[in-house]
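For reference, the structure discussed in these notes is given below.
In my numbering, the protein residues as written are 156 to 535.
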C-alpha cells in the first residue's frame, strides 16, 4: 500500500470573464474566483491534486477558512493514509471537523477527497471514475448548459447571443430574489423563445418563500421552464413537500444536500424530484457517488451542476456526471465565466460539448503556476 507522505496547499485566484452576480470585486476592483489547491505526494513520489472552490455568496466557507482548516486540522491526518481508502478518509475528516447540521466544511474536505481520487487513479493508471462502482456505460462527452443570470434585460440579451455564438443550445436561468416574479417570468419566456427546443432550467438559489414558489411554479412551467432548482431554503421542509405535491414542475434540491445523509432523508420525506449535483459542495467524489446511487435506486432526476468550477473541480464533476450517465445538459459554467485555466486545452468545450479527461486520476496536467503558490503543511 502506497502512503501519503506530504501535503501542500496554496491559494490560486482565477480571473472572471463577463458579469456573474455571485462574484464581487475585491479591494483592488478586480473580480476573481478564489480557490485553494492541494497537492498530495506518496512514498513513491507520485502526486495527486485537489481543489476547493469556496464563494461566500454561496456558502459560509471562505478561502481563508479553507486554508486554515487544512493547515491546522486536516493536513496531518493525511500522512500515512492510503489515498484509495475513501471511506476512512471521510470518517477521519468528519471526526476532526464535526458536523453542524450535516458535514462540517464540505468544500474544504472536497479538496482532499479530489486529491486522493487523483492520486489513487494515478497509482492505478486509470481515470478517477474507474474507481467508482459500475452503473453502466460511460460516455466520452457531456453536453453543457449556458448560464443566463442578470437583473438587467440588456445583459440577458448579450448573454444569450454569446451562448448561441459559442454553440450552446440549452440554457439555465437564475430566478428569485432580488428579482421580481414578473421579471422571472419575462426572463423565462425570452429564453424559451430564444431556444424553443432547448432544455430550460430555472435555479432560484433558495430565493422564494413557500407561498411565492407555489404561486410561480405553474407560471414558470407555462413560460417553458422544464425544472425548478432550489426554490426554497432547505429548512423549508413543508414547503418542499407542498411543491412536490403540486407537481407543477420537477423540483430539484441543491443547497442543503451536503452528503448522502441529507439526500436519503429528504427523499424519504418526499421533498424532491431530483438533485442538482455538486461534488464541490458534497465534500467531494466519494459522497457524491453515493448520492447518485440513491437517485438511481429511487428513479429520481440527477442533474449535473457546479460552483463555477475551474480545472480540477471541473474535471471531477465531469467524470462523476459521465459515470452517472447524466443525459440532460449540465450547468457547468466554469468555461463560461472564467478567463484563466491551469490545464491548457484539456477542459475547453467544443461548442457545448465537454470531453471527459481520459488520463489517470482527474486527467489533468497543471502548468507551473499551480506549484508556485504551494506551501508544505505536513510531511512525514
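C-beta atoms are modelled at their ideal positions from N, C-alpha and C, and glycine is treated no differently.
Treat the numbers as computed from the prediction; the structure is a model and nothing was measured.
- Residue 458 holds the alpha-carbon nearest to the alpha-carbon of residue 300 among 466, 475, 161, 458.
- Every alpha helix (DSSP H) of 4 residues or more that sits fully in the stretch 302-347 is shown, in chain order, as 308-320.
- If you draw a straight line from the Cα of residue 194 to the Cα of residue 320, it comes to about 37 Å.
- The stretch 220-299 contains, as complete beta strand (DSSP E) runs of 3+ residues, the segments 296-298 (chain order).
- With a cutoff of 8 Å on beta-carbon distance, residue 188 and residue 215 are scored as not near each other.
- The secondary-structure analysis by DSSP pairs residue 167 across a beta bridge with 190.
- For a cut-off of 8 Å, the C-beta gap from residue 274 to residue 202 is around 7 Å, short enough to register as a contact.
- When DSSP states are grouped into helix, strand and coil, residue 429 belongs to the strand group.
- Distance check between residue 405 and each of 441, 183, 368 places 368 closest, using alpha-carbon atoms only.
- For residue 204, the enclosing beta strand (DSSP E) covers residues 202-207.
- A straight line joining the alpha-carbon of residue 160 with that of residue 171 spans about 35 Å.
- Residue pairing by DSSP places residue 383 opposite 357, 406 in a beta bridge.
- With fewer than 16 neighbouring CB atoms inside 10 Å of its own CB, residue 424 falls in the exposed class.
- Residue 534 sits in a strand when the DSSP states are folded into three classes.
- Per DSSP, residue 375 lies in no beta strand (DSSP E); the unbroken alpha helix (DSSP H) holding it starts and ends at 365-377.
- The alpha carbon of residue 307 has as its nearest neighbour, out of 375, 378, 329, the alpha carbon of 329.
- A distance of 8 Å or more separates the beta carbons of residue 263 and residue 238.
- Boundaries of the alpha helix (DSSP H) around residue 398: 392-401.
- Non-local beta-carbon contacts of residue 179 in its own chain, meaning distances under 8 Å to residues more than five positions away in sequence, involve 186, 212 in chain order.
- When the alpha-carbon of residue 527 is set against those of 156, 163, 158, 157, the nearest one is in 163.
- Here DSSP, grouped into helix, strand and coil, assigns residue 461 to coil.
- Taken through DSSP and simplified to helix, strand or coil, residue 493 comes out as strand.
- Remark: C-beta atoms of residue 429 and residue 290 do not approach each other more closely than 8 Å.
- In this model, residue 344 and residue 231 are separated by some 53 Å (Cα to Cα).
- Short of 7 Å from the beta carbon of residue 418, and not among the five residues preceding or following it, lie these beta carbons of its own chain, in chain order: 412, 430, 446, 449.
- Cβ-Cβ separation between residue 485 and residue 297: approximately 5 Å, consistent with a contact (criterion under 8 Å).
- The three-state secondary structure of residue 412, taken from DSSP, is coil.
- Residue 192 and residue 400 have their C-alpha atoms roughly 43 Å apart.
- The secondary-structure analysis by DSSP pairs residue 159 across a beta bridge with 197.
- By the neighbour-count criterion, in which a residue is buried when 16 or more other Cβ atoms sit within 10 angstroms of its Cβ, residue 503 is exposed.
- If you look at residue 509, you'll find it in the beta strand (DSSP E) that goes 508-510.
- Taking each of 358, 259, 279 in turn and checking the Cα distance to residue 302, the smallest one comes out for 358.
- Secondary structure at residue 521: coil, using DSSP grouped into helix, strand and coil.
- In the three-state reduction of the DSSP assignment, residue 475 falls in the helix class.
- In the structure shown, residue 450 falls within a helical segment according to DSSP collapsed to helix, strand and coil.
- Inter-residue distance for residue 265 and residue 190 is about 12 Å (C-alpha atoms, whole angstroms).
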